[in-house]
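Colleague: Dropping a structure here in structure tokens format, bear with me for questions.
Number of protein chains: 2
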Amino acid sequence: MSQISTKPASGMRDFLPREAALRKRVFALIEEVYQSYGFQPLETPTMENLSTLMGKYGEEGDQLLFKVMKRGNKLQKALKKDAPTEVDLADMGLRYDLTVPLARIVAQYQNELPRYFKRFQIAPVWRADRPQRGRFREFYQCDVDVIGSTSMTVEVEVASAICEVLERLEFKNFRIHLNHRLLLNAMMEAAGVAADLQNDALVAIDKLDKIGLDGVKKELAERGISEDSTATLLPLLGLAEEVEGNEALLTALADRVGELESGKKALSELGDLLRFAATTPAAPYLKIDPYLARGLSYYTGPIFEIRSDDFSGSLGGGGRYDGLIGMFTRQSLPACGFSLGLERVLMLLAERDALAEPAPDVDVLVTLWRDDFTPNSLRLAGELRAAGLRVDLYPDADKYGKQFKYADERNVPFVAILAENELEQGIVSIKDMKRGDQAEVPRTEVADWIKARQA
Amino acid sequence: MSQISTKPASGMRDFLPREAALRKRVFALIEEVYQSYGFQPLETPTMENLSTLMGKYGEEGDQLLFKVMKRGNKLQKALKKDAPTEVDLADMGLRYDLTVPLARIVAQYQNELPRYFKRFQIAPVWRADRPQRGRFREFYQCDVDVIGSTSMTVEVEVASAICEVLERLEFKNFRIHLNHRLLLNAMMEAAGVAADLQNDALVAIDKLDKIGLDGVKKELAERGISEDSTATLLPLLGLAEEVEGNEALLTALADRVGELESGKKALSELGDLLRFAATTPAAPYLKIDPYLARGLSYYTGPIFEIRSDDFSGSLGGGGRYDGLIGMFTRQSLPACGFSLGLERVLMLLAERDALAEPAPDVDVLVTLWRDDFTPNSLRLAGELRAAGLRVDLYPDADKYGKQFKYADERNVPFVAILAENELEQGIVSIKDMKRGDQAEVPRTEVADWIKARQA
Chain A
2 MSQISTKPAS GMRDFLPREA ALRKRVFALI EEVYQSYGFQ PLETPTMENL STLMGKYGEE
62 GDQLLFKVMK RGNKLQKALK KDAPTEVDLA DMGLRYDLTV PLARIVAQYQ NELPRYFKRF
122 QIAPVWRADR PQRGRFREFY QCDVDVIGST SMTVEVEVAS AICEVLERLE FKNFRIHLNH
182 RLLLNAMMEA AGVAADLQND ALVAIDKLDK IGLDGVKKEL AERGISEDST ATLLPLLGLA
242 EEVEGNEALL TALADRVGEL ESGKKALSEL GDLLRFAATT PAAPYLKIDP YLARGLSYYT
302 GPIFEIRSDD FSGSLGGGGR YDGLIGMFTR QSLPACGFSL GLERVLMLLA ERDALAEPAP
362 DVDVLVTLWR DDFTPNSLRL AGELRAAGLR VDLYPDADKY GKQFKYADER NVPFVAILAE
422 NELEQGIVSI KDMKRGDQAE VPRTEVADWI KARQA
Chain B
2 MSQISTKPAS GMRDFLPREA ALRKRVFALI EEVYQSYGFQ PLETPTMENL STLMGKYGEE
62 GDQLLFKVMK RGNKLQKALK KDAPTEVDLA DMGLRYDLTV PLARIVAQYQ NELPRYFKRF
122 QIAPVWRADR PQRGRFREFY QCDVDVIGST SMTVEVEVAS AICEVLERLE FKNFRIHLNH
182 RLLLNAMMEA AGVAADLQND ALVAIDKLDK IGLDGVKKEL AERGISEDST ATLLPLLGLA
242 EEVEGNEALL TALADRVGEL ESGKKALSEL GDLLRFAATT PAAPYLKIDP YLARGLSYYT
302 GPIFEIRSDD FSGSLGGGGR YDGLIGMFTR QSLPACGFSL GLERVLMLLA ERDALAEPAP
362 DVDVLVTLWR DDFTPNSLRL AGELRAAGLR VDLYPDADKY GKQFKYADER NVPFVAILAE
422 NELEQGIVSI KDMKRGDQAE VPRTEVADWI KARQA
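Here it is as structure tokens:
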């Protein structure tokens with residue numbers, strides 16, 4: 002057998018214990034917050050039938066799907082075709098996002114789901130993008146969605162849960178930029194952008210962060226928006242720079258587009274949303290931003306996106322999309338969701354974590370003095386576990402130096418020593434690895450002693 | 002677009018909230034126990050390079066690997082070959098177990114891992130088996146392994162952790178059948194089975210549960226084991242039926258194979274193991290069973306398997322395999338591991354759970370009396386969440402009948418009502434959905450009142 006590379010496959014990552022533990026901690030915290038808002042867990046398979054996935058993410062998305070090859074006779078049969086295509090050769094694909102599977106679930110189990118279905122899912126998705134720094138082919142998404150209500154309470158609860166997650170993760174200086182799909186339409190209508198050009202215009206506007214104002218102007222022109230329209234549109238989009246505060250901004254927008262049907266509806270919903278949010282954890286973070294476009298054309302109502310001065314780009318976003326969830330039933334189902342940029346969040350936390358002292362994942366290492374002391378050490382380990390401590394046991398009778406070195410490698414804060422002296426006296430010697438001191442503690446008090454030092 | 006099936010792909014499962022929540026609870030409990038034994042989490046990618054996986058699971062395993070198709074030019078190039086094979090067309094495969102990825106990790110990161118690497122991993126694996134009742138193409142495995150020590154403390158800790166997991170999941174009447182690979186070798190040697198036939202004989206012995214004693218006899222004969230050898234071997238394997246208790250059994254075995262080198266080592270290690278285990282949670286469950294073979298030929302030391310009278314088959318098994326982990330480095334690394342039959346465990350728990358009342362995943366539903374009461378209801382929901390309750394909010398102003406019906410669908414035990422009367426008096430009316438009664442509770446005491454009733 003020739004030497005095989007032991008690196009992970011291209012675009013994939015291994016998570017060794019320290020990083021894996023951080024990920025688990027963050028996932029658990031997010032789940033706890035979402036569950037406190039009444040969201041329920043959902044698990045869908047890694048692989049979906051290719052027919053479920055194809056055509057849902059545009060032409061580029063179809064190409065970026067990882068496709069799983071047919072097997073046995075079916076593959077042989079497909080290979081006998083003249084010019085077999087990917088769809089001939091493959092029958093399944095790896096999950097590309099969490100939204101299409103949700104839509105499938107809603108169609109398949111509609112009679113089993115409650116009237117309002119509030120689900121969260123934290124799960125990996127796969128995309129055959131060219132791997133590059135910070136972009137992976139396997140990455141986690143973290144979605145919450147509420148299906149079944151058109152009420153703005155849904156937007157408020159979703160935004161509030163997100164803010165609570167970020168607060169608990171000790172993010173500061175973030176904002177939730179808030180806009181409304183119909184407000185964008187109204188502004189474009191007011192600027193005389195023809196209906197069939199509005200989606201094109203949105204795509205250009207969405208690039209503001211990347212290409213700047215001049216870039217947007219240029220791209221609008223290229224997409225056939227007249228100079229006059231652009232001259233009216235840009236000051237509307239930029240209103241937030243001139244008018245301070247959400248309420249004043251809504252008033253200013255009402256002056257300009259409040260008479261248009263779409264403008265009226267958008268401003269009324271945004272007004273409700275802000276009023277409802279006033280007593281929730283989302284209140285201090287919401288910021289109306291008429292510029293926010295969020296390219297995806299499936300949004301139908303309020304849209305939001307998390308930004309911060311502490312880093313460029315977004316930490317996630319979402320909004321109302323009343324048409325999408327019914328894709329498999331051709332039913333229109335109101336829905337609002339939010340996708341947290343989980344890998345982004347984890348990266349920022351890992352950077353912060355790297356500066357801090359790592360949290361130990363074991364409380365105490367029980368050493369092994371001599372082979373014939375093995376039952377004693379095992380018994381002590383059992384006692385400490387029963388008292389709620391996380392306990393590692395050094396498996397071999399070895400020089401204490403090696404045992405301490407291992408404790409160091411494992412980042413264990415306390416080491417318990419149980420040799421003849423300790424056994425005779427009914428005590429345990431405990432070395433505090435951080436302080437460097439050693440104490441003799443009565444055997445029955447060891448767990449409490451360690452817990453007291455941890456506190 | 003033609004009607005697309007919304008069922009999960011063949012052999013895959015959707016887990017709606019109730020089942021997903023059970024799975025999450027069980028995973029969390031297992032993780033907690035394993036962490037209390039000092040095991041560390043590890044996460045490896047879903048997809049591995051095909052070269053990492055091929056040839057590791059035998060010919061049948063190679064066929065059961067789900068293979069991910071190459072993309073773009075690489076696929077086109079492969080298709081131009083005369084008779085392209087699966088390996089020409091695919092570059093990655095889905096994880097088939099958790100052991101080969103662990104071996105890859107150990108090879109890749111050997112300098113970063115502690116001297117003893119104790120890892121657990123609970124993760125899905127994929128096999129292109131023909132789907133049938135209870136057999137799925139995507140299923141979770143739950144592995145713990147300790148790498149780096151030949152000490153029997155490792156076996157004891159692994160078995161002890163498993164017993165604690167099963168106890169915490171309230172399994173009863175289970176046993177850990179225990180044997181030693183070298184003891185099997187010694188018994189075969191004593192019975193005159195030639196060394197090159199011993200693996201064949203093991204495969205036959207391993208089928209005892211499926212084909213019975215007569216079946217084993219027949220298969221041993223078919224595999225070229227002489228009648229004499231079988232006549233000597235079977236009573237040795239069946240000694241546990243004649244000799245009561247582990248110690249007596251070890252003595253009886255020592256009489257018969259204790260002089261053989263392999264028998265001596267096996268009996269000494271099993272003796273240590275039982276002596277070390279005496280004070281641990283594993284003690285009451287360990288049962289020496291000379292018949293236990295566990296077909297996999299890579300075991301080198303003690304082997305174990307969980308069985309119970311409450312169901313047929315095994316709940317998992319493991320053992321020492323000192324050759325396997327070094328497969329990518331051609332280094333021999335001592336290792337001992339255990340794989341819990343997680344899907345089996347979950348199935349049994351779901352059956353038990355189905356008999357019990359489902360645990361609610363929300364503590365209280367806050368109703369919405371009228372549109373203009375939305376901020377009040379949102380504020381109450383926030384107060385209750387801040388007090389540690391899981392709170393769902395009914396999003397639309399609707400007849401109370403519908404709101405109660407939703408509470409019922411969601412299995413919410415308490416419903417909070419906040420209308421004019423309540424708001425004026427500073428109270429909340431709380432309906433206990435199980436008892437059917439309703440109480441007026443001062444606003445500041447609502448959370449405590451609910452918690453008291455929950456207790």
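Chains as they are written, first to last, in this note's numbering: chain A, 2 to 456; chain B, 2 to 456.
The C-beta atom is built at its ideal place from N, Cα and C for all residues, glycine as well.
Since we're looking at a predicted model, the values are computed, not measured.
Give a yes or no on whether the minimum CB-CB distance between TRP370 (chain A) and chain B is below 9 angstroms.
Modeller: no
Colleague: Output the boundary residues of the beta strand (DSSP E) element that contains GLY427 (chain B).
Modeller: In this chain, GLY427 (chain B) is not harboured by any beta strand (DSSP E), its DSSP state being neither H nor E.
Colleague: Give every residue of the same chain whose Cβ lies closer than 7 angstroms to the Cβ of THR301 (chain B), excluding the five residues on either side of it in the sequence, and list them in chain order.
Modeller: If we look at THR301 (chain B) and ignore the five residues flanking it on each side, its Cβ neighbours are ARG182, ARG321, TYR322, ASP323 and GLY324.
Colleague: In the DSSP assignment, find the beta strand (DSSP E) that holds GLU441 (chain B) and state where it starts and stops.
Modeller: Unbroken beta strand (DSSP E) run through GLU441 (chain B): 439-443.
Colleague: Could you tell me which residues DSSP puts in a beta bridge with GLU165 (chain B)?
Modeller: GLU165 (chain B) pairs with nothing; no bridge assigned.
Colleague: Just to confirm before moving on: does the CB-CB distance between ALA336 (chain B) and ILE148 (chain B) stay below 9 angstroms?
Modeller: yes
Colleague: Restricting to Cα atoms, I'd like to know which of A:VAL204, A:GLY94, A:LEU76 and A:MET93 is closest to LEU90 (chain B).
Modeller: Comparing alpha-carbon positions, the option among A:VAL204, A:GLY94, A:LEU76 and A:MET93 lying closest to LEU90 (chain B) turns out to be A:LEU76.
Colleague: Answer with buried or exposed for ASN74 (chain B), where buried requires no fewer than 16 other C-beta atoms within 10 angstroms of its C-beta.
Modeller: ASN74 (chain B) is exposed by the Cβ-count criterion.
Colleague: For ILE5 (chain B), which three-state DSSP category applies?
Modeller: In the three-state reduction of the DSSP assignment, ILE5 (chain B) falls in the coil class, being assigned neither a helical nor a strand state.
Colleague: According to a CB-to-CB cut-off of less than 8 angstroms, which residues of the stretch 170-188 of chain B neighbour chain A?
Modeller: none
Colleague: If we define contact as Cβ-Cβ less than 9 angstroms, is MET2 (chain A) a contact residue for chain B?
Modeller: Bear in mind that the predicted position of MET2 (chain A) carries a pLDDT of just 45, short of 50, making it too unreliable to give a figure here.
Colleague: Out of curiosity, what's the CA-to-CA distance linking MET2 (chain A) and ARG331 (chain B)?
Modeller: Annotation note: pLDDT 45 at MET2 (chain A) (below 50); position unreliable, no value reported.
Colleague: I'd like to know whether the C-beta of THR7 (chain B) is nearer than 9 angstroms to at least one C-beta of chain A.
Modeller: yes
Colleague: Let me check one thing: in DSSP terms, what residues is SER309 (chain A) bridge-paired to?
Modeller: A:PHE175 and A:PHE312
Colleague: Select from B:LYS68, B:ALA205, B:GLU60 and B:ARG169 the residue whose C-alpha is nearest the C-alpha of GLY296 (chain B).
Modeller: B:ALA205
Colleague: For chain A, find out if any of its Cβ atoms is closer than 9 angstroms to the Cβ of THR375 (chain B); answer yes or no.
Modeller: yes
Colleague: How close, in whole Å, do the beta carbons of LEU240 (chain A) and LEU254 (chain A) come, if the pair is a contact with beta carbons under 8 angstroms?
Modeller: 7 angstroms
Colleague: Verify whether the separation of the beta carbon atoms of LEU43 (chain A) and GLN142 (chain A) is less than 9 angstroms.
Modeller: no
Colleague: Cβ of GLU158 (chain A) less than 9 angstroms from any chain B Cβ?
Modeller: yes
Colleague: Using alpha carbons as the reference points, say which of A:GLU158, A:ASP130, A:LEU51 and A:ALA84 lies closest to ASP92 (chain A).
Modeller: A:LEU51
Colleague: For LEU461 (chain B), which beta-bridge partners are listed by DSSP?
Modeller: Lying outside 2 to 456, the shown extent of chain B, residue 461 (chain B) is not represented and no answer is given.
Colleague: To be precise: take each residue of the stretch 41-62 of chain B, compare its Cβ to all Cβ atoms of chain A, and keep it if any distance is under 8 angstroms. Which residues remain?
Modeller: So the close ones are GLN41, PRO42, LEU43, GLU44, THR45, PRO46, THR47, MET48, GLU49, ASN50, SER52, THR53 and GLY56.
Colleague: Once DSSP output is grouped into helix, strand and coil, what is the label at LYS119 (chain B)?
Modeller: Of the three classes helix, strand and coil, the one that applies to LYS119 (chain B) here is strand, per DSSP.
Colleague: If you follow the alpha helix (DSSP H) that LEU274 (chain B) is part of, which residue opens it and which one closes it?
Modeller: LEU274 (chain B): member of the alpha helix (DSSP H) spanning 262-278, first to last residue.
Colleague: What is the rounded straight-line gap between the Cα of ASP63 (chain B) and the Cα of MET55 (chain B)?
Modeller: Each residue's Cα considered, the two are about 6 angstroms apart.
Colleague: DSSP on GLY12 (chain A), reduced to helix/strand/coil?
Modeller: coil
Colleague: Apart from the five residues just before and just after LYS288 (chain A), which ones in its own chain have a Cβ nearer than 8 angstroms to its Cβ?
Modeller: ARG176, ILE177, HIS178, LEU179, ALA241 and ASN247
Colleague: Per DSSP, what kind of secondary structure is TRP127 (chain A) in: helix, strand or coil?
Modeller: Correct three-state label for TRP127 (chain A): strand.
Colleague: Run through chain A and tell me which residues come within less than 8 angstroms of GLY383 (chain B), C-beta to C-beta.
Modeller: SER161, THR280, THR281 and PRO282
Colleague: Going by the beta-carbon positions, is the gap between GLU384 (chain A) and ARG444 (chain A) smaller than 9 angstroms?
Modeller: yes
Colleague: Kindly list the residues whose CB is nearer than 8 angstroms to the CB of ALA222 (chain A), restricted to its own chain and excluding five residues on each side of it in sequence; keep chain order.
Modeller: GLU228 and THR231
Colleague: Would you report the Cα separation of LEU23 (chain B) and ALA351 (chain B), rounded to the nearest angstrom?
Modeller: 8 angstroms
Colleague: Which stretch, first to last residue, makes up the alpha helix (DSSP H) that contains SER378 (chain A)?
Modeller: 375-387
Colleague: Using 8 angstroms as the cut-off, classify the Cβ of LEU424 (chain B) as near or not near the heavy atoms of the ligand FMN, replying yes or no.
Modeller: This structure does not include the ligand FMN; it has no bound ligands of any sort.
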